[in-house]
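Numbering (the working numbering), first residue to last: 655 to 990.
The next block holds one structure in the form of structure tokens; read it before the comments.
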Amino acid sequence: MTLHPPQSPLIGLVTLMLVLSSACGNPVENASLPEISLSVVSGSGQTGAVGAELPQPVVVRVTKVVRGVTIGVPLQLVNFRVVRGGGSVFAGSAMTDLQGVAREYWTLGPEAGANALEVRAVDPATGQKQVYGTFEATGVIPRPEVCNGVDDNLDGTVDDPTWSYCSGGAAAPNTDGKNSCSAGYLDLNGTATDGCERLVGGTWGITPALTMSCPGLLINEDFRVETFTLDAPSRTQLSITAGVLSAFVDFDLRFDVPFVPSTESFGGSGALVPVNSSGISLTGTFALDGRFTSPTTFEATLDLSIDLTANVPGIGLRDGNCEDLHQTVTGSRAGA
Ligand SMILES: [Ca+2]
Ligand SMILES: [Ca+2]
């Protein structure tokens, strides 16, 4: 099938009213095939992966005006030619259907950037080269999806609906924009929209203070745990990889609770560590189970068991017989 020749040679120089336009609205140069118009229906202005077929075909429609009415021209051969970007088309030509519509499939070239495809024909009557319109497309290189409101990996989905810290193409504060907090931060309040909070090191006071009763001991009768210290590199920011929650029992014992604050919870158990020598032999165990309730508060349950023997001058060895302790405490960071 060929393009329609002029309907009447006597008035064959009718100016064509090829109203071609690309999908982005640019008018397209027409040609001089009488009475036939061709317009871009859809498929121009697409963005696709380099070297891959565009998701949508390119579609044109051939029409003519008969007694003032525009109708589709069926069985009209239309040719497609890549003129920029080095891509290819599937068939190269297509026949219009009963509505005058023809489709072609376009694979973009290997480089990122502009691609162009012309709709062409050779006038069967005059032998003239006709270019009816140009489709444009942009080739891009697929990249890993990030939270930016753009379909980076070209899978048809913008960002990823399963990312709790990505909303409206923007990452929540102190997050990776997906499901993780930035290093040094925790989602302490469990609210995704405000992102992750910074856990603050330093000295934390606890309420109530822990008091162990050791009635067998004549000196240092009570042991008090009044503060915890979060061991942090700068005392203002806790390392995400190595946190230690330490407490001092008077000045003779310390217990350290290593924890990785990958969640808002922390906990640990172990042996008490003597921190000086004062003639008192100290052994004991601890278990701590807690959670941060904000960047500057926590709640925890502490179990302490201490066995101690004091070598009291003039008296000799005395057994402390401390009573085991099980207590819930609330911690809050001292200062800003
Ligand atoms: Ca995507
Ligand atoms: Ca994205």
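The beta-carbon is built from N, C-alpha and C at its ideal position, and this holds for glycine as well.
Owing to the predicted nature of the structure, the values given are computational and were not obtained by experimental measurement.
If you draw a straight line from the alpha carbon of residue i to that of residue j, how long is it in whole angstroms?
i, j, result
"ASP751", "VAL695", "14 Å"
"SER690", "VAL743", "Going by the sequence as given, residue 690 is Ile instead of Ser. The straight-line gap from Cα to Cα measures roughly 24 Å."
"PHE789", "VAL712", "8 Å"
"GLY793", "LEU840", "40 Å"
"GLY938", "ASN828", "40 Å"
"LYS718", "GLY810", "37 Å"
"ASP848", "THR724", "57 Å"
"THR805", "ALA837", "This sequence places Asp at residue 805; Thr is not what is there. If you take the alpha carbons of ASP805 and ALA837, they lie about 26 Å apart."
"PRO815", "GLY699", "26 Å"
"ALA940", "LEU842", "Residue identity differs from the one stated: residue 940 is Phe in this sequence, not Ala. Cα-Cα distance, rounded: 25 Å."
"PRO862", "CYS835", "32 Å"
"THR780", "PRO798", "52 Å"
"GLY787", "PRO709", "20 Å"
"ASP830", "ASP813", "13 Å"
"ASP957", "SER821", "42 Å"
"ASP943", "ASP978", "16 Å"
"GLY763", "GLY746", "15 Å"
"GLY697", "PHE952", "58 Å"
"ALA748", "LEU692", "13 Å"
Below 7 Å CB to CB, which residues in the same chain sit around residue i once its five sequence neighbours on both sides are set aside?
i, result
"TYR759", "GLU707, PRO711, VAL743, PHE744"
"PRO846", "Residue identity check: residue 846 is Ala in the sequence provided, not Pro. Only SER818, TYR819, ALA826 meet the Cβ criterion."
"ALA833", "It should be noted that the sequence gives Asn, not Ala, for residue 833. The answer, listed in chain order, is TRP817, SER818, TYR819."
"GLY823", "CYS801, ASN802, GLY803, ASP813"
Can you tell me which residues form a DSSP beta bridge with residue i?
i, result
"GLN782", "Answer by DSSP bridge pairing: none, since GLN782 is not bridged."
"ARG738", "ALA770"
"ILE795", "ILE795 is not bridged to any residue."
"CYS835", "THR829"
"TRP760", "VAL743"
"ALA925", "THR939"
"THR788", "GLU772"
"GLU707", "THR761"
"GLN700", "ALA791"
"ALA954", "GLY944, VAL983"
Please return the same chain residues whose Cβ sits closer than 6 Å to the Cβ of residue i, not counting the five positions on each side in sequence.
i, result
"LEU808", "ALA703, PRO796"
"THR761", "GLU707, GLY741, SER742"
"THR895", "Its pLDDT being 30, under 50, THR895 is placed unreliably in this model, and the value from its coordinates should be taken loosely. Cβ within range, chain order: n/a, list empty."
"THR982", "THR955"
"HIS980", "ASP957"
"GLY722", "none"
"GLN782", "none"
Measure how close the beta-carbons of residue i and residue j come, nearest whole angstrom, since I'm counting them as under 8 Å.
i, j, result
"CYS801", "ALA825", "5 Å"
"VAL773", "VAL720", "At roughly 22 Å, the Cβ-Cβ gap does not stay under 8 Å, so VAL773 and VAL720 are not in contact."
"ALA756", "THR701", "That belief does not hold up - the Cβ atoms of ALA756 and THR701 are roughly 23 Å apart, past 8 Å."
"ILE860", "THR984", "7 Å"
With a threshold of 8 Å on Cβ separation, who are the neighbours of residue i within its own chain once the five nearest residues in sequence on each side are excluded?
i, result
"GLY754", "ARG715, VAL716, THR717, ILE725, GLY726, VAL727, PRO728, GLN730"
"GLU765", "VAL704, GLY739, GLY740, GLY793"
Take every Cβ of the region 757–777, pair it with every Cβ of the region 730–749, and state whether three or more of those distances are shorter than 8 Å. Taking a contact to require three or more Cβ pairs closer than 8 Å, the region 757–777 and the region 730–749 qualify as touching.
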